[in-house]
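These notes are about the structure you will find just below.
There are 2 protein chains.
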Amino acid sequence: MFELLSKSIKERVSITEEELEFCKTLFLPKKLRKRQYLLQEGDVCKYTSFVEKGMLRTYTIDEKGNEPILQFSSEGWWIADIYSFLTDEPSHYNIEALEDCELLQISKPSWEILLEKIPVFERYFRILTQNNLIATQRRLMGSMSETAEEKYLKLIDNFPGCIQRVPQHMIASYLGITRETLSRLRSQLASKK
Amino acid sequence: MFELLSKSIKERVSITEEELEFCKTLFLPKKLRKRQYLLQEGDVCKYTSFVEKGMLRTYTIDEKGNEPILQFSSEGWWIADIYSFLTDEPSHYNIEALEDCELLQISKPSWEILLEKIPVFERYFRILTQNNLIATQRRLMGSMSETAEEKYLKLIDNFPGCIQRVPQHMIASYLGITRETLSRLRSQLASKK
DNA sequence: TCATATATGTGACATAGATCAATGTAATTT
DNA sequence: AAATTACATTGATCTATGTCACATATATGA
């Protein structure tokens with residue numbers, strides 16, 4: 024149940040077995056069926072969750088009806104609206120299970136206890152957040168200067184698994200293009216080579 | 024000399040005066056003239072820097088000759104290519120002073136000492152990185168779904184100072200649009216109201 | 001103070017990608 | 001197995017923004 028989480032922690036910081044055991048007591052397991060929501064726009068994000076199994080998407084809906092996707096999260100990744108989680112403000116994001124999921128959730132009070140009692144978790148979350156920031160910065164720069172085709176090819180490179188597990192129109196929403204454009208793009212690529 | 028940095032730290036974490044004094048010993052002051060580079064593509068980012076005075080931009084140059092800007096950094100902000108800083112890989116970014124600047128730099132070895140001797144700095148950098156991530160995520164979502172006009176108006180809202188201090192074509196590069204589009208946009212807005 | 005570089009504005013035209021609409025195809029649900 | 005819903009493809013057209021070219025400010029440094 025905690026295999027992936029333990030691995031994620033041990034890969035990044037040194038921690039004793041007792042600390043790890045204490046840490047585990049702060050999490051609640053949570054199962055979601057496909058299409059269930061972990062968070063809906065307007066609600067406060069009460070938990071940050073670690074994905075042990077399954078795949079989710081974080082997205083918004085804007086006035087024009089676009090649904091840009093901020094992120095896909097599969098096994099081994101954390102998921103939350105950190106702004107809402109940290110500030111207790113209502114979230115602008117939706118988080119939806121794309122497959123049946125098994126999560127480990129930690130509430131904000133428990134998270135604060137964790138940081139206080141085992142300060143090495145400050146380091147763990149600092150490292151995770153840094154890596155997330157680096158990836159998000161890259162995506163932002165790409166989103167400003169790359170063509171639809173370049174973005175798609177890069178995604179295939181970076182997350183080959185994603186293409187298999189996620190419906191095509193969501194890939195399009197992640198890339199910031201329409202499903203029609205992605206469909207045409209793919210048939211071009213297929214005929215080219 | 025350390026006014027802003029001390030303020031930035033004290034606002035986010037609790038720290039003793041001795042700790043703060045020790046911290047100060049790890050920084051090197053650095054002055055840059057307008058147009059000087061703090062980092063050039065291909066070099067390893069050896070320092071992370073705190074801006075006491077002035078304004079800088081972080082940008083890349085892609086094959087098509089675009090120069091998308093990742094970020095403007097003025098007083099009170101940190102600046103570095105964190106990927107290069109953390110991995111010692113050559114950077115893909117350029118960091119250029121847009122005004123005469125006064126910085127406080129910390130090298131990676133000193134930064135590691137800082138984190139080790141005063142663990143509360145893990146927390147400080149975790150918080151900074153989280154806030155940066157939240158802002159970058161918002162910009163990414165906007166970049167995928169907003170029009171040029173929406174992006175520009177939002178920027179005015181979020182960084183009114185920026186518009187005054189930064190040439191217009193760089194604002195355009197930050198928004199991911201051409202200088203011509205921004206120029207037309209502005210004259211429309213001006214005539215509208 | 002001139003001379004050169006840097007920055008902005010505007011017109012004519014091109015284009016990547018969006019939009020709208022229709023059709024086909026696979027998955028789920030009953 | 002039929003019915004419903006979700007997903008993908010393809011064509012015709014539209015549009016926001018890019019590109020290119022040139023004119024005009026405005027800085028800046030000798």
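Sequence order for the protein chains is W and Y.
Position in the first sequence counted from 1, then plus 23, gives you my numbering.
Position in the second sequence counted from 1, then plus 23, gives you my numbering.
All C-beta atoms, glycine included, are put in the ideal place defined by N, C-alpha and C.
- Closest Cα partner of Ser-114 (chain W) within the set W:Tyr-197, W:Leu-208, W:Leu-61, W:Arg-35: When C-alpha distances from Ser-114 (chain W) are compared across W:Tyr-197, W:Leu-208, W:Leu-61, W:Arg-35, the shortest belongs to W:Leu-61.
- Task: Could you name the residues of the stretch 96-110 of chain Y whose beta carbon sits closer than 8 Å to any beta carbon of chain W, in the order they occur along the chain?
- Result: The stretch 96-110 of chain Y vs chain W, Cβ under 8 Å: Ile-105, Tyr-106, Leu-109.
- Message: Along the chain, where does the alpha helix (DSSP H) containing Cys-68 (chain Y) start, and where does it finish?
- Response: That residue, Cys-68 (chain Y), is in no alpha helix (DSSP H); it is neither H nor E in DSSP.
- Message: Just to confirm the assignment, what range does the beta strand (DSSP E) spanning Thr-152 (chain W) have?
- Response: Run containing Thr-152 (chain W): none in the beta strand (DSSP E); it sits in the alpha helix (DSSP H), 143-168.
- Task: With DSSP collapsed to three states, give me the class of Asn-89 (chain Y).
- Result: If DSSP states are grouped into helix, strand and coil, Asn-89 (chain Y) belongs with coil.
- Residues in its own chain within less than 6 Å of Glu-122 (chain Y) by CB, not counting five upstream and five downstream? Closer than 6 Å at the Cβ level, and outside the excluded window around Glu-122 (chain Y), lie Lys-57, Gly-77, Met-78.
- Query: Since Ser-166 (chain W) meets chain Y, which of its residues come closer than 8 Å, beta carbon to beta carbon?
  - Reply: Simply Leu-163, Ser-166, Met-167, Gly-199.
- Task: At 7 Å on the CB atoms, spell out the chain Y contacts of Ile-157 (chain W), in chain order.
- Result: Neighbours of Ile-157 (chain W) on chain Y, chain order: Ile-105, Tyr-106.
- Item | Beta-carbon gap between Phe-73 (chain W) and Leu-127 (chain W) smaller than 8 Å | When the beta-carbon positions are compared, Phe-73 (chain W) and Leu-127 (chain W) come within less than 8 Å of each other.
- Taking the Cβ atom as the reference point for each residue, do Met-167 (chain Y) and Pro-91 (chain W) lie within a distance shorter than 8 Å? The answer is yes: Cβ separation under 8 Å.
- Under 8 Å Cβ-Cβ, which residues of chain Y neighbour Leu-93 (chain W)? Listed along the chain, the chain Y residues whose CB falls inside 8 Å of the CB of Leu-93 (chain W) are Gln-160, Leu-163, Met-164.
- Task: For Lys-87 (chain Y), count neighbouring Cβ atoms within 10 angstroms of its own Cβ and tell me buried if that reaches 16, exposed if not.
- Result: Burial is judged here by how many other beta carbons sit within 10 angstroms of a residue's own beta carbon; Lys-87 (chain Y) has fewer than 16 and is exposed.
- Check whether the Cβ atoms of Arg-35 (chain W) and Phe-148 (chain Y) sit closer than 8 Å, and answer yes or no. Here Arg-35 (chain W) is not near Phe-148 (chain Y), since their CB atoms are 8 Å or more apart.
- Message: So, at 6 Å on beta carbons, what are the nonlocal neighbours of Ser-133 (chain Y) in its own chain, with the 5 sequence-adjacent residues on each side left out?
- Response: Excluding its 5 nearest sequence neighbours in each direction, Ser-133 (chain Y) has C-beta neighbours in its own chain below 6 Å: Leu-49, listed in chain order.
- Query: Looking at the structure shown, is Ala-103 (chain Y) part of a helix, part of a strand, or coil, going by DSSP?
  - Reply: In the structure shown, Ala-103 (chain Y) sits in coil (DSSP, three-state: anything other than H, G, I, E or B).
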